[in-house]
Amino acid sequence: MKTKIISNTIVCVFLFSSTLVYGAGAKQSDKAPVKNEISTTAKVNETVVTEVIKPKTPFEAALEKIKSDDPIVRRAGVVEISHLRNKSAINHLLKLLGDENDSVRAATVDALGLLRSKEALPEISKLLLNDKNETVRHTAAIALSYIGGNEAGEALVEAMDDKSAAVSYAAIRTIAVLRYTKAEEKLIKFLKKEDVNMRRSVISALGKIRSIKAAESIAEHYNNEDIYIRREVARALGEISDESSIKTLKKMLEDKEYSVQLEVVYALAKMKDDSGLNIAHKFIKSSDRMMKQTSASIIALIGNDKSLKILEAAYEAEDNPSIKSFLMFSKERLASRLKPQEKK
């Protein structure tokens with residue numbers, strides 16, 4: 006304890022970690038314990054004043070950090086705020102979108118995205134197109150998918166031409182998430198890109214926005230040497246569900262890759278075509294969780310009485326509670342669909 010005498014005033018400062026603070030002249034039993042606090046006791050002209058200063062909350066501490074002159078500390082504060090998910094920080098974060106430090110701007114964009122800040126849409130859209138730093142632009146494209154809404158649609162379409170492939174991919178994926186249909190024409194043009202990963206992303210996006218106009222162009226890739234492109238073709242054609250694609254999908258039933266076959270069967274099932282039902286019957290017995298659940302979904306859509314028995318057998322044989330629950334749900338869906346047919 007340090008004591009300093011100023012005129013007739015004695016000031017004593019006590020720092021307690023797990024000690025008790027009591028007022029002057031009080032007995033120990035008269036006061037409730039106060040832990041982890043700084044107590045300042047001032048005696049002025051025989052008058053005792055006690056002030057208890059409580060420690061800062063994590064949110065208050067984070068707000069203090071983002072005001073630091075050190076960019077490392079500012080960034081740390083932004084990250085802490087993003088973890089706390091406290092929307093009252095949005096106005097504070099908006100000021101940091103113009104921070105001179107790249108990492109601080111990127112972290113701020115990410116935090117505003119996680120906070121679903123509609124207020125930040127205009128500024129994040131500008132950063133997507135104009136920021137000199139690739140990481141900031143890439144983060145901006147992703148953040149817009151969290152915030153949602155089509156207000157940033159035009160900026161995302163323009164960002165498809167970004168010199169950075171990572172930014173371009175992120176913009177396309179966000180367009181898919183937002184189902185921004187005004188990107189249709191440009192996405193169709195991008196189908197001609199040589200970059201395999203780019204074409205895969207574009208096919209997926211066209212499926213998400215259900216572009217009937219793109220169905221024929223997508224179908225042209227049905228026998229592409231890349232398995233992931235073939236899988237995306239099947240998935241996209243299923244989401245678009247244009248009957249003109251059925252002929253192509255039936256050709257794809259002969260694909261050598263089982264995962265592609267199953268996507269094709271699912272796509273056909275969405276169009277009420279049961280051409281691949283036997284494939285679903287086969288893969289409902291798979292040890293692969295995704296293949297089993299996809300098969301169950303297919304059977305629920307287009308299955309028959311035989312399918313119901315197969316589902317029941319799969320349910321009885323399943324040990325995993327989560328998968329068992331999914332099989333039960335699929336079985337109930339199929340049984341519900343078959344009942345009206347029995348009445349007819």
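Heads up, our numbering is the position in the sequence shown plus 5, with the first residue counted as 1.
C-beta: ideal position from N, C-alpha, C; glycine also.
Predicted model, so just to flag it, every value in this text is computed and none were measured.
With DSSP collapsed to three states, give me the class of I356.
-> Given that the chain is displayed from residue 6 to residue 349, the structure contains no residue 356 and the question cannot be resolved.
Looking only at C-alpha atoms, which of D115, G153, A160 and D247 sits nearest to L134?
-> Counting from 1 along the sequence shown, the entry for residue 134 is found at position 129. Nearest of D115, G153, A160 and D247 to L134, Cα basis: A160.
Run through DSSP, which three-state label would M276 get?
-> Reading the sequence shown from its first residue, position 271 is the one you call residue 276. The DSSP-derived three-state label of M276 is coil.
Under 8 Å by Cβ, that's how I've got T113 and L126 pegged, so tell me the actual separation to the nearest angstrom.
-> As a first step, residue 113 must be located in the sequence shown, where it is residue number 108. As a first step, residue 126 must be located in the sequence shown, where it is residue number 121. About 14 Å separates the CB atoms of T113 and L126; that is not less than 8 Å, and the two are not in contact.
State the Cα-Cα distance for the pair F179 and K290, rounded to the nearest angstrom.
-> As a position in the sequence shown, residue 179 is number 174, starting the count at 1. As a position in the sequence shown, residue 290 is number 285, starting the count at 1. The question names Phe, yet the displayed sequence has Thr at residue 179. Straight-line spacing of the CA atoms in T179 and K290 works out to 36 Å.
Please report the residue range of the alpha helix (DSSP H) in which D200 lies.
-> Locating residue 200 in the sequence shown gives position 195, where the first residue counts as 1. Premise fails: D200 is in no alpha helix (DSSP H) and is neither H nor E.
Nearest neighbour of K261, chosen from I232, A239 and I251 [CA to CA] | Residue mapping note: residue 261 aligns to position 256 of the sequence shown, counting from 1. It is I232.
Verify whether the separation of the beta carbon atoms of V207 and F195 is less than 8 Å.
-> Counting from 1 along the sequence shown, the entry for residue 207 is found at position 202. Counting from 1 along the sequence shown, the entry for residue 195 is found at position 190. By the CB criterion at 8 Å, V207 and F195 fall inside the cutoff.
Measure the CB-CB distance between V162 and K131 and report whether it falls below 8 Å.
-> By one-based count along the sequence shown, residue 162 stands at place 157. By one-based count along the sequence shown, residue 131 stands at place 126. Pairing V162 with K131 gives a Cβ-Cβ distance that is not under 8 Å.
Compare the C-alpha of E189 against each of Q266, E237 and K213 and name the closest.
-> Counting from one through the sequence shown, the residue named residue 189 turns up at place 184. Comparing Cα-Cα distances from E189 to each of Q266, E237 and K213, the minimum goes to K213.
Residues near Q298 in its chain [Cβ-Cβ closer than 6 Å; skip 5 each side] = Within the sequence shown, residue 298 is the residue found at index 293, counting from 1. Only F331 meet the Cβ criterion.
Going by the beta-carbon positions, is the gap between K218 and I177 smaller than 8 Å?
-> The residue given as residue 218 occupies position 213 in the sequence shown. The residue given as residue 177 occupies position 172 in the sequence shown. In this structure, the beta-carbon distance from K218 to I177 does not fall below 8 Å.
Return the CA-CA distance between N155 and A239, expressed in angstroms with no decimal places.
-> In the sequence shown, counting from the first residue as 1, residue 155 sits at position 150. In the sequence shown, counting from the first residue as 1, residue 239 sits at position 234. Between N155 and A239, the C-alpha separation is close to 27 Å.
V291, DSSP secondary structure in three states | By one-based count along the sequence shown, residue 291 stands at place 286. Checking the sequence, you will find Ser at residue 291 rather than Val. In this structure, S291 counts as coil in the three-state DSSP scheme.
So, using beta-carbon positions, are L117 and R90 closer together than 8 Å?
-> Indexing the sequence shown from 1 puts residue 117 at position 112. Indexing the sequence shown from 1 puts residue 90 at position 85. No, the Cβ-Cβ distance between L117 and R90 is not below 8 Å.
I86 versus S300 - alpha carbon distance = On the sequence shown, residue 86 is found 81 positions in, with the first residue counted as 1. On the sequence shown, residue 300 is found 295 positions in, with the first residue counted as 1. Roughly 43 Å between the two C-alpha positions.
For the alpha helix (DSSP H) containing I177, list its first residue and its last residue.
-> Position 172 of the sequence shown, counting from 1, holds the residue named residue 177. Unbroken alpha helix (DSSP H) run through I177: A170 to L183.
At least one CB of chain C closer than 8 Å to the CB of E262: is that the case?
-> Although the question refers to chain C, the structure presented lacks it and comprises just one protein chain.
State yes or no: is the C-beta of E124 within less than 8 Å of the C-beta of I95?
-> Position 119 of the sequence shown, counting from 1, holds the residue named residue 124. Position 90 of the sequence shown, counting from 1, holds the residue named residue 95. Yes, Cβ-Cβ distance for E124 and I95 is below 8 Å.
Tell me where the alpha helix (DSSP H) around S250 begins and ends.
-> For the purposes of this step, residue 250 is taken as residue 245 along the sequence shown, with counting starting at 1. In this chain, S250 is not harboured by any alpha helix (DSSP H), its DSSP state being neither H nor E.
Rounded to a whole number of angstroms, what is the C-alpha to C-alpha distance between V109 and E321?
-> For this step, residue 109 is matched to residue 104 along the sequence shown. For this step, residue 321 is matched to residue 316 along the sequence shown. Each residue's alpha carbon lies about 54 Å from the other.
Exposed unless 16 or more other CB atoms sit within 10 angstroms - verdict on G30 | For the purposes of this step, residue 30 is taken as residue 25 along the sequence shown, with counting starting at 1. With a pLDDT of 48 at G30, under the threshold of 50, the modelled position of this residue cannot be trusted; read the value that follows with caution. Exposed: under 16 other Cβ atoms inside 10 Å.
Option in A66, A170 and A241 with minimal Cα separation from A224 = Within the sequence shown, numbered from 1, the residue matching residue 224 stands at position 219. Cα-wise, what sits closest to A224 is A241.
In whole angstroms, what is the alpha-carbon distance linking L339 and E105?
-> One-based indexing of the sequence shown puts residue 339 at position 334. One-based indexing of the sequence shown puts residue 105 at position 100. The alpha-carbon atoms of L339 and E105 are separated by roughly 59 Å.
Consult DSSP for S327 and reduce its assignment to one of helix, strand or coil.
-> As a position in the sequence shown, residue 327 is number 322, starting the count at 1. Under the three-state reduction of DSSP, S327 is assigned to helix.
Supposed contact pair S122 and R142 - C-beta distance, whole angstroms, cut 8 Å = In the sequence shown, counting from the first residue as 1, residue 142 sits at position 137. In the sequence shown, counting from the first residue as 1, residue 122 sits at position 117. Contact check for R142 and S122: beta-carbon distance about 18 Å, past the 8 Å limit, so the pair fails to qualify.
Just mark I304 as buried or exposed, buried being the case when its beta carbon has 16 or more other beta carbons within 10 Å.
-> What you label residue 304 is simply residue 299 of the sequence shown in a count that begins at 1. Sixteen is the threshold: when 16 or more other Cβ atoms of the shown chains lie within 10 Å of the Cβ of I304, as they do, the residue is buried.
Is the distance from the Cβ of I307 to the Cβ of L282 below 8 Å?
-> For the purposes of this step, residue 307 is taken as residue 302 along the sequence shown, with counting starting at 1. For the purposes of this step, residue 282 is taken as residue 277 along the sequence shown, with counting starting at 1. In contact: I307 and L282 (Cβ atoms closer than 8 Å).
Taking buried to mean at least 16 other C-beta atoms within 10 Å of its own C-beta, is E268 buried or exposed?
-> Translated into the one-based positions of the sequence shown, residue 268 becomes position 263. In summary, E268 is buried, with 16 or more beta-carbon neighbours lying within 10 Å of its beta-carbon over all protein chains present.
Let me know the alpha helix (DSSP H) ranges lying completely inside the stretch 111-173, each 4 residues or longer, listed in chain order.
-> Within the stretch 111-173, the complete alpha helix (DSSP H) runs of at least 4 residues are 126-135, 139-152 and 158-164.
Three-state secondary structure (DSSP) of D74 | For the purposes of this step, residue 74 is taken as the residue at position 69 of the sequence shown. In the structure shown, D74 falls within a coil segment according to DSSP collapsed to helix, strand and coil.
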